[in-house]
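*Asks:*
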Amino acid sequence: MDKGQPSIWTWARDSALLVATIVSIFAAFSNSLTWYLQQLWGASGDFWQARWDQFLDFFGDDESVLFIYGTTLLTMGLYWGVGSIYILMDYFNWPKWIRKYKVQPGTNEPVDTKRLVSAIGYVLFNQTIVGIPFAAFGYWMMYQPTRSLRVLPTFSSVLLELAVFIVVEEIVFYYSHRLLHHRRLYKHIHKKHHEWTAPIAVTAIYCHPLEHLLSNILPPALGTIIMSSHISTSWLWYSMAILRTLNDHSGYHLPFFPSPEAHDFHHLKFTECFGFLGILDYLHGTDRMFRSSPAFKRHFVSLSTQPLRKQFPDESKIKLNSHDD
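Residue 961 is where the sequence shown starts when you use our numbering, and the numbers rise one by one after that.
#1: Compute the Euclidean distance between the alpha carbons of Gly1136 and Ser1175, then round it to the nearest angstrom.
#2: May I ask you to report which of helix, strand or coil DSSP gives Lys1062?
#3: Does the distance from the C-beta atom of Ala1123 to that of Gln1064 stay below 7 Å?
#4: Is Lys1056 buried or exposed, if buried means 16 or more other CB atoms sit within 10 Å of its CB?
#5: State the CB to CB distance for the pair Val1071 and Tyr1166, rounded to an integer number of angstroms; the pair is presumed to be in contact (CB under 8 Å).
#6: Which of the three DSSP states, helix, strand or coil, is assigned to Tyr1212?
#7: Confirm, please, whether the CB-CB distance from Tyr1134 to Ser1037 is below 7 Å.
#8: Can you tell which of Asn1053, Thr1073 and Leu1076 has its C-alpha closest to the C-alpha of Gly1066?
#9: Enumerated in chain order, which unbroken segments of the alpha helix (DSSP H) with a length of 4 residues or greater are wholly contained in the segment 1009-1076?
#10: If Ala1161 sits next to Leu1119, beta carbons under 8 Å apart, how far is it from one beta carbon to the other, in whole angstroms?
#11: What is the DSSP secondary structure of Arg1138, reduced to helix, strand or coil?
#12: Drop a sphere of 10 angstroms on the beta-carbon of Tyr1046, count the other beta-carbons inside from all chains shown, and report buried for 16 or more, exposed for fewer.
#13: Pair every Cβ in the segment 1147-1158 with every Cβ in the segment 1091-1110, then say whether three or more of these pairs are closer than 8 Å.
#14: Is Pro1220 closer than 7 Å to Thr1265 when the C-beta atoms are compared?
#15: Among the candidates Trp1040, Glu1275 and Leu1033, whose CA atom is the shortest distance from the CA of Ala1256?
#16: Out of Thr1031, Asp1013, Phe1007 and Phe1015, point me to the one whose CA is closest to Trp1197's CA.
#17: Following a CB-centred definition, is Glu1275 positioned closer than 6 Å to any heavy atom of the ligand ZN?
#18: Would you tell me roughly how many angstroms separate the C-alpha atoms of Thr1184 and Gly1091, rounded to the nearest one?
#19: Would you decide whether Asp1241 is buried or exposed? Buried here means 16 or more other CB atoms lie within 10 Å of its CB.
#20: From Phe1015 to Trp1156, what distance separates their C-alpha atoms?
#21: Among the residues of its own chain, which have a CB less than 6 Å from the CB of Asn1281, if the five just before and after it don't count?
#22: Would you mind reading off the limits of the alpha helix (DSSP H) that contains Ala1222?
#23: Please name the residue in Thr1114, Gly1043 and Val1025 whose C-alpha comes closest to that of Thr1193.
#24: Got a sec, what are the start and stop residues for the alpha helix (DSSP H) Arg1248 sits in?
#25: Going along the chain, which residues of its own chain have a beta-carbon closer than 8 Å to the beta-carbon of Phe1019, five neighbours each way excluded?
#26: Starting from His1244, follow the alpha helix (DSSP H) in both directions and report where the run begins and ends.
#27: Determine, using beta carbons only, whether Glu1129 and Pro1180 come nearer to each other than 7 Å.
Listed below in structure tokens is the structure:
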């Protein structure tokens, strides 16, 4: 057996530990935090229910149409709406002050036009030719004819399902991602995504179609299928997933934004940081190089406008400055 690949027992043990830990944390806070948030949700519940009714009255309440085509339009609109902002930043190198937040300074300044156009083409293909058929399959898998589309789920049920989604995505994404790095699969499938050693936001789903299905669509979608989630909960989760992956691939560590350092490090080094939470990376030891790097010191949400690269510079820069002195 390849020592670099986890055994079935290791996979089962670490996955069970992850699930037990998150469920325990959720249970511990469910009687306090969720109670207060439930009151807030309940106070505005009539408002959101009324908006949801108006939405369905306008667009119709055919759940298959909403799930397949509505989900496609929502995810593509969010992806390109936010992604276009990053494209303009990278293509025009504007605004200038934002360059100081680059994770890998000097890369994609500006982004190469030919590579950008190619990436956009691949992404559009994956979103339509791969994404729409899977949306139809996902709807078929989770369809519950007795469920009311018009009644929004309760806050506690949404919170519980989000916790399940996070657990499922961490497990499925980590192991599918590691599988794609297997020497027999990497050069045929995953190498396409790693052409960008310094990624930009819209390359988040620039990849082989099979990878898009196994590692981009399945991990976030499987939880909603398992839970047979209300379409509003699914849309909320998919929106969160898209914003996260755009940020992870953006190449910028902006103030008040989640840290993209771990996944950017993965693109730089290839053999580290396979998950999105980092829990399974820690359990499997696939983040040891990252944890000993300056990038790990910058791996947090910055509440300051000072670039983290100035607070925690690379070791090579530290040595260079010491020689200058």
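The C-beta atom is built at its ideal place from N, Cα and C for all residues, glycine as well.
All of these numbers come straight from a predicted model, not from anything done at the bench.
*Replies:* Checking against the coordinates, here is how it stands:
#1: Along the sequence shown, read from residue 1 onward, the residue named residue 1136 stands at position 176. Along the sequence shown, read from residue 1 onward, the residue named residue 1175 stands at position 215. The identity of residue 1136 in the sequence shown is Ser, whereas the question assumes Gly. Taking the straight line joining both Cα atoms gives about 6 Å.
#2: If you number the sequence shown from 1, residue 1062 lands on position 102. In the structure shown, Lys1062 sits in a strand (DSSP, three-state: E or B).
#3: Translated into positions along the sequence shown, residue 1123 becomes position 163. Translated into positions along the sequence shown, residue 1064 becomes position 104. Between Ala1123 and Gln1064, the C-beta spacing is not below 7 Å.
#4: Numbered from its first residue, the sequence shown carries residue 1056 at position 96. It counts as exposed.
#5: Walking along the sequence shown from the start, residue 1071 turns up at place 111. Walking along the sequence shown from the start, residue 1166 turns up at place 206. Actually they do not touch by this definition, with Cβ atoms about 12 Å apart.
#6: Here residue 1212 refers to the residue found at position 252 of the sequence shown. If DSSP states are grouped into helix, strand and coil, Tyr1212 belongs with the strands.
#7: Looking up residue 1037 in the sequence shown gives position 77. Looking up residue 1134 in the sequence shown gives position 174. In the sequence on display, residue 1037 carries Gly and not Ser. Against a cut-off of 7 Å, the Cβ pair of Tyr1134 and Gly1037 comes out as no contact.
#8: Translated into positions along the sequence shown, residue 1066 becomes position 106. Scanning Asn1053, Thr1073 and Leu1076 for the CA closest to the CA of Gly1066 turns up Asn1053.
#9: Complete alpha helix (DSSP H) runs here, min 4: 1031-1052.
#10: The residue labelled residue 1161 in the question sits at position 201 within the sequence shown. The residue labelled residue 1119 in the question sits at position 159 within the sequence shown. Actually they do not touch by this definition, with Cβ atoms about 28 Å apart.
#11: Here residue 1138 refers to the residue found at position 178 when the sequence shown is read from its first residue. Residue state for Arg1138 is assigned as helix, using DSSP reduced to three classes.
#12: Here residue 1046 corresponds to residue number 86 of the sequence shown, with the count starting at 1. Result: buried.
#13: Between the segment 1147-1158 and the segment 1091-1110 there are fewer than three inter-stretch CB-CB distances shorter than 8 Å, so the stretches are not counted as touching.
#14: Indexing the sequence shown from 1 puts residue 1265 at position 305. Indexing the sequence shown from 1 puts residue 1220 at position 260. No, the Cβ-Cβ distance between Thr1265 and Pro1220 is not below 7 Å.
#15: Here residue 1256 refers to the residue found at position 296 when the sequence shown is read from its first residue. Note that residue 1256 is Phe in the sequence shown here, rather than Ala. For the options Trp1040, Glu1275 and Leu1033, the alpha carbon positioned closest to that of Phe1256 is the one of Glu1275.
#16: Walking along the sequence shown from the start, residue 1197 turns up at place 237. Comparing Cα positions, the closest option is Thr1031.
#17: Although the ligand ZN was asked about, the structure shown includes no ligands whatsoever.
#18: Walking along the sequence shown from the start, residue 1184 turns up at place 224. Walking along the sequence shown from the start, residue 1091 turns up at place 131. Their backbone Cα atoms lie some 15 Å apart in a straight line.
#19: If you number the sequence shown from 1, residue 1241 lands on position 281. Buried, since its Cβ has 16 or more Cβ neighbours within 10 Å.
#20: As a working note, residue 1015 is residue 55 in the sequence shown. As a working note, residue 1156 is residue 196 in the sequence shown. Cα to Cα, Phe1015 sits roughly 40 Å from Trp1156.
#21: Counted from its first residue, the sequence shown places residue 1281 at position 321. For Asn1281, the predicted model reports a pLDDT of 42, less than 50, meaning its position is unreliable; a value from the coordinates is still stated below. Answer for Asn1281: no residue qualifies.
#22: Your numbering for residue 1222 matches position 262 in the sequence shown. Ala1222 -> alpha helix (DSSP H) spans Glu1221 to Lys1229.
#23: To locate residue 1193, count along the sequence shown from 1; it is residue 233. Of the candidates Thr1114, Gly1043 and Val1025, the one whose C-alpha sits nearest the C-alpha of Thr1193 is Thr1114.
#24: Taking the first residue of the sequence shown as position 1, residue 1248 is located at position 288. Residues Arg1248 to Arg1251.
#25: Within the sequence shown, residue 1019 is the residue found at index 59, counting from 1. Within the same chain, Phe1019 has close Cβ partners Leu1026 and Gly1030.
#26: What you label residue 1244 is simply residue 284 of the sequence shown in a count that begins at 1. Here the alpha helix (DSSP H) through His1244 covers Ile1239 to His1244.
#27: As a working note, residue 1129 is residue 169 in the sequence shown. As a working note, residue 1180 is residue 220 in the sequence shown. Result yes, Cβ atoms of Glu1129 and Pro1180 sit closer than 7 Å.
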